[in-house]
Ligand SMILES: Nc1ncnc2c1ncn2[C@@H]1O[C@H](COP(=O)(O)OP(=O)(O)OP(=O)(O)O)[C@@H](O)[C@H]1O
Ligand SMILES: [Mg+2]
């Protein structure tokens, strides 16, 4: 909308995220033509449980697609392809004949399957399926959530076994509905989303029968696994009727793609609800010995898949939202910076937001959040600072693990996501990592990545080299902190992390 | 002490009365409580209602405090919120113009840079967030002085240093530039602050049309102002960006 660049054709990307769904229309230069976005309800039925209403989400998706197309002043004829990206792991099942969800979607942060995961680990433990899937057994992933639904929704197992029920992460749900739903919708997922289920064999890119039987999940519910960039079908109705649906990527993999990390050793870190750092490791999966995940980065059509190492942090932006919504200390997320900037340091306070346990590099489901180091001196401004520092320290733990696993020293960190508009956070990050932090010119790299993949699939863009040429540096923060201060603070942070562990009783998983 | 204005005192008393808890009061309640004739009370209430300080419930006809009072207390737009809202549009401006982009707000006697996007040419650049620029000579400063009365006072009453031979320092010249800025909706600085540099800026307004900041591009004078003429497409791009951010601010809470 900013000027005369809006002569088509265009690519539309749908980002079905944790807090909102958005649609962005891009032009050939990768510039944003229009955006529309809508938040959906976060449902917290019990401590540790997080759900979404999948029907609401599909309605929002249709609304934002229409909104973005109208704002851009274009029609279906101007749009060459639709790309899909999504919050990963969030799990739902629906009836293939009515299109009705059988239960709310179980969100990735949900910890209800902790005990089930311990049970599934048998005598081997967390790493029982790591060789096949690259993942530890954790409530974060989709497989155990499917099992929970099968066990807890009345009559679901029988219906699933007789082929009436479909499972999907949000990519599958959106694509199925977009391509017609009960009237011939295609039931597919892509390799990146499938690699987050604990059910796909990373080496064969296929569902693993042995794991399916260990978890007691009928293969009939599973979508077909496709590449990340190919035409799955066409939009069956709505403003984009007839436009090919041509990409699907988990949001973090989409951001890796949008940041054009196409070479081995290139990495990015995305700061949204949670934070996820992914490093391209090329055509071979790299095992992690330091608490990272091995996952699929992307696969373009019939080319070889590209793998990634991932450091996942469950709670970063959502801690800021918690300060806004639950604590009421700020009115908007951005105000955390104002509050935090009113003091020079954390006043001795450290905030470990282990709301869903600790993810990478610890994978401790028995951890819960703590604020350590409190004295009478500490104000809400110090807490605000500790909130931002928590994001930066958690990143530091991940980059340390990345260096150990990959042998690649961090020379600069490429960042994106909503929290990168926070200047104090970006400076803190650079200080704690002792490395430059670089933001690219399109902070919406998640949508951009989905658009890029869809555009490649339909020939809108010719190659990844062409895409790489679009990358531009928008800002760079360089370290300003003394090494002794950094070392002391890091030690304090690690002490606080220790204190978050073991809060839940391992045997019962009781809150 | 000078005599106070009676009707204002009465209006203030009414607001206090209505502020006492969650309540709605009828006209006669208000009149009785303050010892006023109904007609007098009604006249004052109607004026307050017109200003948005009081609202009348359509069903019961009772009065309560209006939304405008809340806004008065909350009108300050957080600069970090401004940056977050501007991010997408300023990135795009840098990309389409090929120049660096700055977002500035009034702070004390100058322009505080709250957001900076690098020129997209891969050259080494340093983030200038937190830097101060003068009000009277930069494009950002002129826009703020033209639209924000507080900035205007600061610029007119402060010292206007001559940074280059082209800096306008006299009050008459300065006011003339501000008139022009208001008339065309943007300002420029062609080597008035730094030799070799030119900039163009436009105002950002919030949902109540209050000026909350300025956004602009800055670059080498031979690119921004070739042959002594400011590039019209740059002016258009800057104004479009300012409008896009303003629209975004009008869209309500994130
Ligand atoms: N200025 C800011 N400072 C700190 N945190 C911020 C700021 N702006 C946004 N956030 C946080 O960033 C998150 C939003 O970023 P973004 O839109 O990238 O999230 P997301 O994870 O992509 O959302 P979704 O999961 O819906 O895709 C929110 O959690 C919000 O609290
Ligand atoms: Mg996202």
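Protein chains in written order, with full-length UniProt numbering: chain A, 1 to 511; chain B, 1 to 254. The C-beta atom is built at its ideal place from N, Cα and C for all residues, glycine as well. Keep in mind that this is a model prediction, so the values were computed, not measured.
Assignment of residue 225/B by DSSP, reduced to helix, strand and coil, places it in the coil class. In this model, residue 89/B and residue 116/A are separated by some 47 Å (Cα to Cα). At least one heavy atom of ligand 2 falls within 7 Å of the beta-carbon of residue 446/A.
Between the region 151-160 of chain B and the region 113-127 of chain B, the count of Cβ pairs shorter than 8 Å is below three; the stretches do not touch.
Within the DSSP bridge table, the entry for residue 10/A names 79/A as partners. Only residues of its own chain outside the window of five on either side were considered, and among them 343, 346, 347 and 349 have a CB closer than 7 Å to the CB of residue 382/A, listed in chain order. If you draw a straight line from the Cα of residue 403/A to the Cα of residue 432/A, it is about 15 Å long.
According to DSSP, residue 226/A shares a beta bridge with 190/A.
For residue 477/A, at least one C-beta of chain B is nearer than 8 Å to its own C-beta. Residue environment: residue 24/A is assigned as buried (16 or more neighbouring CB atoms within 10 Å of its CB, all protein chains considered). Taken in chain order, the members of the region 87-105 of chain B whose beta-carbon sits within less than 8 Å of a beta-carbon on chain A are 87, 88, 89, 91, 92, 93, 94, 95 and 96. In the three-state reduction of the DSSP assignment, residue 126/B falls in the coil class. Proximity of the beta carbon of residue 66/B to ligand 2 is not indicated: no heavy atom of the ligand is located closer than 7 Å. For residue 369/A, the shortest C-beta to heavy atom distance toward ligand 2 is 7 Å or greater. With a cutoff of 8 Å on beta-carbon distance, residue 229/A and residue 292/A are scored as not near each other. Here residue 28/A carries a coil assignment [DSSP, helix/strand/coil].
By the rule that beta-carbons nearer than 8 Å mark a contact, residue 127/B touches chain A.
Judged by beta-carbon spacing, residue 249/A lies beyond the 8 Å limit of residue 475/A, meaning their Cβ atoms are not closer than that value.
Taken in chain order, the whole alpha helix (DSSP H) runs of length 4 or more contained in the region 221-295 of chain A are 251-258. Judged by beta-carbon spacing, residue 302/A lies within the 8 Å limit of residue 227/A, meaning their Cβ atoms are closer than that value.
Of the other Cβ atoms in all chains shown, fewer than 16 fall within 10 Å of the Cβ of residue 210/B; this residue is therefore exposed. Take residue 211/A, set aside five residues on each side of it, and the residues of its chain with a beta-carbon closer than 6 Å to its own are 129 and 199, in chain order. Among the CB atoms of chain A, one or more fall inside 8 Å of the CB of residue 78/B. Between residue 160/A and residue 221/A a beta carbon distance of about 5 Å is seen, short of the 8 Å cut, so the two are scored as contacting. Residue 117/B has a beta carbon lying within less than 8 Å of a beta carbon in chain A. Taken atom to atom, the span from the alpha-carbon of residue 273/A to that of residue 136/B is near 42 Å.
If one requires a minimum length of 3 residues, the beta strand (DSSP E) runs lying completely within the region 91-165 of chain B are 100-107, 110-117 and 132-134, in chain order. Taking 8 Å as the CB threshold, residue 232/B stays off the interface with chain A. Only those residues of the region 30-61 of chain A whose C-beta falls short of 8 Å from the nearest C-beta of chain B are listed: 31, 32 and 35. By the rule that beta-carbons nearer than 8 Å mark a contact, residue 120/B touches chain A. At the C-beta level, residue 367/A and residue 374/A stay beyond 8 Å of one another. In the DSSP assignment, residue 173/B falls within the unbroken alpha helix (DSSP H) covering 171-184. For residue 165/A, the enclosing beta strand (DSSP E) starts and ends at 165-168.
By the C-beta density criterion, residue 5/B is exposed, having fewer than 16 other C-beta atoms within 10 angstroms.
The beta carbon of residue 95/A is closer than 7 Å to those of 102, 164 and 165 in its chain, skipping five residues each way along the sequence. Using a Cβ distance threshold of 8 Å, residue 195/A and residue 457/A do not count as a contacting pair.
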